[in-house]
Every structure is written in structure tokens, then in C-alpha cells.
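Residue numbers 471 to 913, in the numbering used here, belong to the letters of the sequence shown in order. Note that CB positions come from ideal geometry on N, CA and C, so glycine has one too. For reference, the structure is listed below as C-alpha cells.
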Amino acid sequence: MKSAVVEGGAGSAPCAPSREADIGDKIYQLVKDIFPFCRSVAGEGVRETLRRLKQEIDLVIREVPSGTEVYDWTIPREWTVRDAFIRNASGDKVLDFRACNLHVLNHSAPIHARMPLRELRDHIFTLPDQPDRIPYRKSAYAQSWGFCMAHRQLMALPDGDYEAVIDSSLEDGSLSYGEYLHVGASDEEVLLSSHICHPSLANDNCSGLALLTLLARHLAGQRTRYSYRFIFAPGTIGALAWLARNEANTKRIRHGLVVSCVGDGGGPTYKKSRRGSAFIDRAAGHVLRHASPGSAILDFSPYGYDERQFCSPGFNLPVGLFQRSLFGTFLEYHTSADNLDFVQPEHLASSYSMIQAILCVIENNFTPVGTLLKGERQLGRHGLYVGGDGSPATQSANMAMLWTLNLADGNHTLLDIAERADMPFAELLSVARRLQAHGLLEP
Ligand code: ZN
471 MKSAVVEGGA GSAPCAPSRE ADIGDKIYQL VKDIFPFCRS VAGEGVRETL RRLKQEIDLV
531 IREVPSGTEV YDWTIPREWT VRDAFIRNAS GDKVLDFRAC NLHVLNHSAP IHARMPLREL
591 RDHIFTLPDQ PDRIPYRKSA YAQSWGFCMA HRQLMALPDG DYEAVIDSSL EDGSLSYGEY
651 LHVGASDEEV LLSSHICHPS LANDNCSGLA LLTLLARHLA GQRTRYSYRF IFAPGTIGAL
711 AWLARNEANT KRIRHGLVVS CVGDGGGPTY KKSRRGSAFI DRAAGHVLRH ASPGSAILDF
771 SPYGYDERQF CSPGFNLPVG LFQRSLFGTF LEYHTSADNL DFVQPEHLAS SYSMIQAILC
831 VIENNFTPVG TLLKGERQLG RHGLYVGGDG SPATQSANMA MLWTLNLADG NHTLLDIAER
891 ADMPFAELLS VARRLQAHGL LEP
């Protein structure tokens, strides 16, 4: 994969590659740390996760009481699960929540009953097509109880009576979300959001949470043009709760990305905002096209992650979705195979660098103006001609200068020029800076 990241100057922090060469390992380590927590839409699992993220950045943890009305939704009760298992007549556990938290229907009501297998089966979810994997299922808004297990394991259970125990409670409390603001030169904001409601699934979405947390840490202390608002909230209801509390602030959002499933080797995939032609759509499309031949740029659809809320018609924010493999398209999606082997440091690192490259475009796009527009510049005279060896690298370096100078008429932004020249924005940015330094472009 071609890297589209260059050294940035002052005021362009997202362009400066992270000096941490092992950023992929660091993101992976954080994924590993938060993977075991039993998150749900509301409860201690989310808080434990937020507390871990708070060790990296100065995260503000906010609470919204159960029962609060949020547009057409109501904040649910908190879910606590202490233990869950199914025991056979001999007293052996044939399913144990302690081995894998996906074994319990997420947000399940409590149960303690003895029943025949044929009755219990109605409350057990499996994946017949992937018989060795445990599915992830949730029931946050309808009160029901259930277990999830590998289909093969269910098929192997002999008939008879079983003891089903889910020691859980659903009580009034609050929904928690985390918010972090990096203050830039302007109060115009870039919104970066990841959902935090899935239990032990590594790609969906420990990867997004960990990547954004370390990106926020990288930005801390750096000078940026925009302010950056990071939101870690339970899917749908958490994003809606944030929107309901921050309606006035949404006016400041100029660009945004929802980030999920960024640790697998697929894609990259970018789903456009509802507007379809927002600047973020152009910037992300540009970066992905140059980052990988396998990239997919999709039009907006009202299904997916929290871009659905940010792009609902009453907000219609310029927020797109960045992923590697598109949700729902990989076999590991919402199963026990979305584990710590499925996500890899190298993929986390390349996702991180692509997101940085998108932010680099947002931070640094400007309209260059040449200091002499009549006739082509004699590059050699200004010490800018890059040899004549005819190699692709020198040809490309010269073409980047020629394109930038030719279109620096005050009517084209640097992104316009990059698209017209079919060259990565970051390459043209370093060229434009050199041309400025040599007095060929206005400062
Ligand atoms: Zn999901």
C-alpha cells in the first residue's frame, strides 16, 4: 500500500505521521485490554471501557439517566450480569458465560429455571451456517432472555432437563458515553465517533475505540486548524443522546467520520455522508483511491452505524463512515471469530495512517496562488528541477510541480489540483510548501 502521509509543518498535526513506529502494536494492545469487558447499551461494561480509555486521554465521562426521552427513543435500564450458565442433569456446565461473554443474549433478562432441552432451544441462538462460532445477539429494547452457543455444540446436547441460569439485573441507572475535545485554532469542529456497546468483539468495535483514542492522544499538544471532538457512545441511543444534548454545537461540525471495524485486512471502505458531496466525502474518496486499489467508495444508505443518526435529515451533518471490510460482509462479523486473532497490528496501523491522511486534507487544503502566471516557470533557475534521469520518481516530482503551478490561479484548491493531477494530496502539499519556500507561490 502506498502511504499518503507526509511530514507536516506547523499547524498541520494530522499530516505529521505518528512518530510511534509501533503505533499498530499500541492500538492492538489497547484493543486487547478492552476486549474482555462485557459491554452493552448501558451498564458497567461501558464504564469500565471508558475508564481504560481515560488512562490514555483526558476523557469526560457523561451519564444520561434511564428513562430519559431522546427523540423517538428512551434511555434503557442498566444491565448487569454476574454469571450465566446451562447445567445438565449431572451438574456439568454445558455453557459458561465466564468462558465467553457472547454466550449470553446481550441485555438479557434474568432466568433461573429447569426445563427440557426442547423448551430451552427456543432461547438459544446459533449459527447453523458457521457451526463452530458463537453468535452475538442483543435485546436492549425488548425484555427477553437467552443464550448464544456454537450450533455444533447445541446439536451434540442429549435430550433431557437442563438448568438455565442468567444471574442478571435490569435496573434504573444511566447510559454512559465518553467525550474528548482537542482544541484547535478554530472552534469549527471535526467529529470522530466510535460505538462502544458491543461485548467481546475485536474488530466491531474495540478496533475503532482503540484507534480513535490513540489518535486523540497523538493530537494532544499539537497545533491544529480545527478542533476535534471524539465521541465514544453506545450505538444509536448513545449517539442520539449526544445529539439531543448538543444540538446547538452541531452547527460547528464541518467534517466528521464514524470509525468502526478498522483492524481487519479488507477494504478500505468509505461510505459517503447523506449529502454525498461534502468535503469529507471528497477528501476520504481521494485518500482511499490512492491508498489501495481494493478501496470501495459507497453512497450513503440509511443502514450502518451512527452516521445514520448524524446524517438524519434534521442534522444532515457532513459525516461519513470509515471501515476496512464493510460491516455485515465478513464471515466473522457478529460472531466469536471476531476475536484478537482477526485484528492485526499492521491493519490497525494502515487504518490509522489513512485516517490521518484524510485529516491531513481537511487541515491543509488551501487555494494556492502563483507569483507569476504568465508563461511556465523555469524550474532549474529556481533550483527546483528534479534531474533529468527520466525515472518515474523524478517525472512524478516534476509533474507535481507543473500541475501545482499551472492550476495555482486562485480558482483551484490543492485538493482540486491533486484530483486533476491524479496524485496524492500529501505529495502535492509538500510540493506546494516547497514552491512557497522558493517564492513561486504566495505564502
Ligand atoms: Zn456491530
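In the displayed model, LYS524 falls within a helix according to three-state DSSP.
Annotation for ASP734 indicates a beta carbon at 6 Å or more from all heavy atoms of ligand 1.
Residue pairing by DSSP places MET893 in no beta bridge whatsoever. Here DSSP, grouped into helix, strand and coil, assigns LEU768 to strand. By the Cβ criterion, the stretch 861–875 is in contact with the stretch 884–902, since at least three pairs of Cβ atoms, one from each stretch, lie closer than 8 Å.
At a cut-off of 4 residues, the continuous stretches assigned as alpha helix (DSSP H) that sit fully inside the stretch 580–613 are 587–590.
In this structure, ILE666 keeps its C-beta atom at 7 Å or more from the C-beta atom of THR805. Residue environment analysis places ALA718 among the exposed positions, since fewer than 16 neighbouring C-beta atoms fall within 10 angstroms of its C-beta. If you draw a straight line from the Cα of TYR541 to the Cα of ARG695, it comes to about 33 Å. Linking THR883 to PRO838 through their CA atoms gives a straight-line distance of about 7 Å.
At least 7 Å separates the beta-carbon of VAL728 from that of SER821. Contact between HIS577 and CYS618 does not hold, since their C-beta atoms are separated by about 12 Å, which reaches or exceeds 8 Å.
Note: CYS618 is bridge-paired with PHE595 in the DSSP secondary-structure output. GLY790 is a Cβ neighbour of LYS742, given a cutoff of 7 Å. Its Cα nearest to that of SER782, the residue ALA714 stands out among ALA714, ILE594 and SER861. Within the same chain, VAL856 and GLY857 come within 6 Å of THR864 by CB-CB distance, once the 5 residues on both sides are set aside. Per DSSP, the continuous alpha helix (DSSP H) segment holding PRO815 begins and ends at 815–834.
Within the stretch 491–566, the runs of beta strand (DSSP E) that reach at least 3 residues and sit entirely inside it are, in chain order, 530–535, 548–557 and 563–566.
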